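Peer 1: One structure follows; several queries about it will come next.
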Amino acid sequence: MSEAGFITVSQYATTAAFAVIAALTVRDWLVTRDESRMYLALAIGSLAAVSVLGQVGKLLGPSFVAASAYVTITVFLVSGLALLLFRHAVIPLKPRTLRLVVGIVIATGMLEIGVQAIFGRTAPKPIQLIAAAAFVLVWSGCVGEPSVRLWFAARRRTVVQRARMRALSLGYLAIVALLLVAVVTSSLAAQPAIQIGFALATIAIVPLLYAGFVPPTWLRRTWRQSEEDKFQQATHDILLFASDQLALARRSLDWAIRLTGADAGYFLARPGTILATQGMTAEDAQALLAPVAGAGGRTVVPLGGTPPRSAMIARLHVNDAAIVLVGGPFTPVFGSDEEAWLQQYAAMVSTGLERVRLVEALAQSNGQLEDKVREVTERTQQLEAANRELEAFSYTISHDLRAPLRAVSGFASILFEEYADAMPAEARGYLKRVKDSGDHMGHLVDDLLAFSRLGRQAARTQRVSVRGIVDRALQELSPALDGRQVEVVIGELPDAECDAALVEQIFVNLLSNAFKYSRRREHARVEVGVLEATAAEGPTYFVRDNGAGFDMEYAGKLFGVFQRMHRSEDFEGTGVGLAIVHRIVERHGGRIWAEAKVDAGATFYFTLKGAQQWRATTAA
Amino acid sequence: MAGNDGSVDILMVEDNANDEALTLHELAKYHLTNRIQVVRDGQEALEYVFCTGRYAKRDIKDQPHVILLDIKLPFVDGLEVLKRIKQDQRTRTIPVVMLTSSREERDLIESYRLGVNSYIVKPVDFDQFKESARTLGMYWLLLNRPPKAA
């Protein structure tokens with residue numbers, strides 16, 4: 032290929048590349064409908080048009096070039112203005128400055144057109160050179176200033192935004208370079224080697240433009256990459272160690288903003304409830320709720336405004352929560368890649384949110400548990416206090432009630448023993464009653480105290496031989512039998528899990544009743560044994576006698592304190608013995624009942640086990 | 007009823023006049039009341055034993071052969087009196103018998119922990135009471151041999 036041919040091909044290639052980038056920017060604008068993208072599409076499209084006009088001119092000859100000169104200049108002017116407006120969209124200028132700059136640009140453009148119109152394309156005059164130079168300088172200023180500005184403004188931005196701004200800066204720089212190339216090429220057209228060099232430079236610059244203004248997916252990913260590595264580490268923190276929803280919301284929002292290059296964002300705990308914001312106030316976030324709620328299924332919503340913004344929504348799978356990101360001028364693009372990334376991220380955050388909710392629920396139920404424990408502790412303390420009071424009460428009874436009784440029966444005794452001769456028989460009889468009543472009341476007090484002590488006694492359950500217990504009870508009762516002949520039959524008695532001392536009290540009371548109520552029988556018979564055991568209640572023990580029995584009609588009163596089934600003339604007693612038995616059985620979780628018939632004996636049945644475990648009852 | 011030299015056989019700490027009368031009645035039967043001092047409350051008992059206050063002129067070396075002590079007393083209760091007597095080197099060898107209405111186990115345990123020599127529950131039944139008073143007097147006054155006071 033000849034040098035001229037190579038130059039031609041490279042120029043065609045440059046024009047084609049421009050056309051492609053123009054098409055891409057236009058598509059980008061059509062997708063986003065973003066004002067800044069519109070200016071960008073206009074600028075690149077204009078430059079492409081200039082390039083195309085140049086090539087067409089070469090093909091159609093000088094007459095077309097002359098005819099299209101004004102169009103070329105105008106279009107070129109438009110590209111400069113569009114670039115300026117793009118800059119204004121991302122870094123706003125003051126209105127006055129903007130007006131001034133636009134005026135200067137248009138003025139120099141008109142000057143160039145005017146000069147061209149007056150002098151045509153004849154030999155260059157100084158005025159033509161001046162106009163051309165002014166036009167090129169102003170245009171370069173329009174394009175070069177943003178380049179420098181963006182480069183330095185990129186500092187103190189997040190990594191992704193910084194990359195985006197530097198790329199834009201390079202893009203502007205590339206356009207300036209292109210113009211210089213064009214100017215130099217046209218002025219040094221004579222030297223083919225230089226022309227080739229510049230043609231190559233132009234082709235090399237085009238991809239820069241592409242990357243700068245319309246960053247492709249792969250490039251955006253590269254920008255994210257360094258952040259993403261750090262993010263991987265942070266993910267564990269966010270998902271596994273965030274202690275509450277607020278912490279999770281703040282951290283996940285922060286990372287979403289950093290990785291997408293967004294300007295701001297907020298975390299929606301549920302529709303209408305903003306949990307956290309970043310880069311914006313809660314009021315601003317509140318204002319965005321309506322457009323975001325109206326987004327329907329879309330993930331990117333244009334928000335309008337100056338500069339125009341758009342929001343990207345990541346919906347979480349818990350409670351309709353969402354992360355909403357608001358793009359700014361330097362947010363690269365909310366493209367499909369960002370959307371895909373964000374949806375994946377949303378899935379992760381959802382998991383984290385789920386976990387945090389569970390943790391919070393657990394903490395709450397732990398709190399409730401602690402409250403319950405505190406409640407129970409308080410209740411226990413109250414019970415203990417009540418118990419202490421009761422103890423003090425029975426202590427008082429024990430001491431104070433017994434003392435006067437002792438005096439009554441004591442002095443009655445002295446009278447009875449030492450002054451009996453001085454009293455008539457009737458007086459002695461009354462005195463005897465005084466003494467007996469005193470003694471009886473003494474026994475009542477003692478029994479009552481024994482009964483109340485039962486309630487506060489600590490339990491000592493262990494496996495014991497019931498047979499051994501019954502034997503001890505019989506031994507204890509033998510003096511009271513006073514030589515009476517009673518047939519005692521003891522059946523097979525399995526061992527039991529119980530408090531031996533208390534169960535011995537059961538047998539002492541039941542057996543002494545059995546002996547007492549059978550004492551009028553010529554042939555008294557007392558039987559101790561068990562019925563068949565059940566799994567729930569264990570064996571049922573019984574104590575049977577053939578004594579006086581009682582009327583079953585009154586069985587309901589049997590186990591009440593001071594309840595008696597016989598007149599005290601017939602059988603002495605305080606009416607506390609069975610109440611004590613009942614309480615002991617109850618405290619073992621068992622139950623007690625009786626079967627009897629008047630003059631045909633009585634049988635008392637009881638179990639030591641049941642649905643209830645050992646209960647620490649308080650004394651009644 | 008104290009002896010002429012100011013020393014007594016029994017110090018009885020009892021706030022209940024009836025109990026006092028009954029006990030004295032029984033002890034008198036066995037001629038054991040010759041030298042008995044009765045005080046009404048714990049404070050007075052301590053003053054007597056340690057020769058302070060109302061008994062400041064007493065000689066601390068003249069101590070009773072036995073102290074009969076009720077638990078429930080006005081001002082200073084029996085357990086406190088017992089504790090003070092048993093903690094003091096000069097008085098710890100005096101036999102102390104708790105003679106009380108209390109059937110409470112904790113009183114019994116506390117008394118023995120403090121070093122009581124005997125613990126007797128006053129029976130309501132007068133026959134038993136008489137028996138207690140009699141054996142008590144016999145044992146502590148006639149049979150028991152206390153060490154010479156330090």
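Note that the protein sequences, when read in sequence, are chains A and B.
Going by the working numbering, the first sequence opens with residue 32, and the numbers climb by one from there.
Going by the working numbering, the second sequence opens with residue 7, and the numbers climb by one from there.
Heads up, the beta-carbon is just placed ideally off N, CA and C, and yes, glycines get one too.
Because the structure is a prediction, the values reported are computed rather than measured.
If the criterion is Cβ atoms closer than 9 angstroms, does the pair LEU112/A and ILE137/A meet it?
Peer 2: Here LEU112/A is near ILE137/A, since their CB atoms are less than 9 angstroms apart.
Peer 1: If you run the structure through DSSP and keep just helix, strand and coil, what is GLU26/B?
Peer 2: In the structure shown, GLU26/B sits in a helix (DSSP, three-state: H, G or I).
Peer 1: Cβ of PHE56/B less than 9 angstroms from any chain A Cβ?
Peer 2: no
Peer 1: Assuming ALA79/A and ALA44/A make a contact with CB atoms under 8 angstroms, what is their CB distance in whole Å?
Peer 2: Incorrect: roughly 13 angstroms between the Cβ atoms, too far for contact.
Peer 1: How do the segment 297-310 of chain A and the segment 372-379 of chain A stand: do at least 3 beta-carbon pairs fall below 8 angstroms, yes or no?
Peer 2: no
Peer 1: Excluding the 5 residues preceding and the 5 following GLY658/A in the sequence, name in chain order all residues of the same chain whose CB lies nearer than 7 angstroms to its CB.
Peer 2: This structure leaves residue 658/A out entirely; chain A is present only between 32 and 651.
Peer 1: Residues of chain A with a CB under 9 angstroms from the CB of PHE135/B: which are they?
Peer 2: Within chain A, the C-beta atoms nearer than 9 angstroms to that of PHE135/B come from ARG437, SER440, GLY441 and SER444, in chain order.
Peer 1: Do ASP576/A and THR634/A have their C-beta atoms within less than 9 angstroms of each other?
Peer 2: yes
Peer 1: Taking beta-carbon pairs under 7 angstroms, can you tell me which members of the segment 97-125 of chain B lie near chain A?
Peer 2: Per Cβ criterion, the list reads SER107, SER108, ARG109 and GLU110.
Peer 1: Only counting the same chain, and skipping five residues up and downstream in sequence, which positions put a Cβ closer than 6 angstroms to that of ARG491/A?
Peer 2: ASP530
Peer 1: To be precise: take each residue of the segment 20-47 of chain B, compare its Cβ to all Cβ atoms of chain A, and keep it if any distance is under 7 angstroms. Which residues remain?
Peer 2: ASN22, ASN24, ASP25, LEU28 and HIS31
Peer 1: Looking at ILE623/A and THR638/A, is the spacing between their C-beta atoms short of 9 angstroms?
Peer 2: Their beta carbons are under 9 angstroms apart, which means THR638/A touches ILE623/A by this criterion.
Peer 1: Would LYS67/B count as contacting chain A if we go by Cβ distances under 9 angstroms?
Peer 2: no
Peer 1: Would you report the Cα separation of ALA48/A and ARG58/A, rounded to the nearest angstrom?
Peer 2: 15 angstroms
Peer 1: Starting from TYR585/A, trace the beta strand (DSSP E) in both directions and tell me its first and last residue.
Peer 2: Counting along the chain, TYR585/A falls outside any beta strand (DSSP E), and DSSP gives it neither H nor E.
Peer 1: Taking buried to mean at least 16 other C-beta atoms within 10 Å of its own C-beta, is TRP249/A buried or exposed?
Peer 2: Classified as exposed, TRP249/A has fewer than 16 neighbouring CB atoms from the shown chains inside 10 Å of its CB.
Peer 1: Can you confirm whether the segment 76-83 of chain B touches the segment 36-51 of chain B when touching is taken to mean that 3 or more C-beta pairs between the two stretches lie within less than 8 angstroms?
Peer 2: yes
Peer 1: Using the beta-carbon count (16 or more within 10 Å), is ALA642/A buried or exposed?
Peer 2: Per-residue confidence for ALA642/A stands at a pLDDT of 43, beneath the threshold of 50, marking its modelled position as unreliable; no derived number is given.
Peer 1: In whole angstroms, what is the alpha-carbon distance linking VAL439/A and GLU409/A?
Peer 2: Cα to Cα, the separation comes out at about 45 angstroms.
Peer 1: By how many angstroms is the C-alpha of LEU533/A removed from the C-alpha of VAL495/A?
Peer 2: Each residue's Cα considered, the two are about 12 angstroms apart.
Peer 1: Hey, is LYS63/B's beta-carbon within less than 9 angstroms of any beta-carbon in chain A?
Peer 2: no
Peer 1: Where does the unbroken alpha helix (DSSP H) through SER94/A begin, and where does it stop?
Peer 2: Annotation for SER94/A: the continuous alpha helix (DSSP H) segment containing it runs 93-121.
Peer 1: Taking the CB atoms as reference points, tell me whether ARG41/B and TYR54/B lie closer together than 9 angstroms.
Peer 2: no
Peer 1: Does any C-beta atom of chain B lie closer than 9 angstroms to the C-beta of ASP582/A?
Peer 2: Output row for ASP582/A: interface = no.
Peer 1: Hey, could you find the ends of the beta strand (DSSP E) CYS529/A is sitting in?
Peer 2: In the DSSP assignment, CYS529/A falls within the beta strand (DSSP E) that extends over 527-529.
Peer 1: Have a look at TRP645/A and ARG503/A and give me their C-alpha separation to the nearest angstrom.
Peer 2: Note that TRP645/A has pLDDT 44, beneath the 50 cutoff, so the model's placement of it is unreliable and the number below is only indicative. When rounded, the distance between both Cα atoms is 24 angstroms.
Peer 1: Can you list, in chain order, the stretches of the alpha helix (DSSP H) that have 4 or more residues and sit fully within the segment 172-240 of chain A?
Peer 2: Complete alpha helix (DSSP H) runs here, min 4: 190-218.
Peer 1: Buried or exposed, going by whether 16 or more other CB atoms sit within 10 Å of the CB of ASN397/A?
Peer 2: Exposed, since its Cβ has fewer than 16 Cβ neighbours within 10 Å.
Peer 1: Taking GLY602/A as the reference, which of VAL592/A, LYS588/A, ASN544/A and GLY569/A has the closest Cα?
Peer 2: For the sequence presented, residue 602/A should be read as Phe rather than Gly. The shortest Cα separation from PHE602/A among VAL592/A, LYS588/A, ASN544/A and GLY569/A belongs to ASN544/A.
Peer 1: Show which residues of chain B have a CB atom less than 8 angstroms away from the CB atom of ARG459/A.
Peer 2: None at all; the shortest Cβ gap to chain B is about 16 angstroms.
Peer 1: Out of LEU199/A, LEU201/A and ARG188/A, state which residue places its alpha-carbon closest to the alpha-carbon of GLU258/A.
Peer 2: ARG188/A
Peer 1: What is the rounded straight-line gap between the Cα of LEU432/A and the Cα of ALA458/A?
Peer 2: Each residue's Cα considered, the two are about 26 angstroms apart.
Peer 1: Check whether the Cβ atoms of GLY243/A and ALA198/A lie closer than 9 angstroms to each other.
Peer 2: yes
Peer 1: Between LYS92/B and chain A, is the shortest Cβ-Cβ distance under 9 angstroms, so that the two count as touching?
Peer 2: no
Peer 1: Tell me the rounded alpha-carbon separation between SER14/A and PRO157/A.
Peer 2: In the structure displayed, chain A extends from 32 to 651; residue 14/A sits before or after that span and is not available.
Peer 1: Tell me, which residues are paired with GLN43/B by DSSP?
Peer 2: LEU17/B
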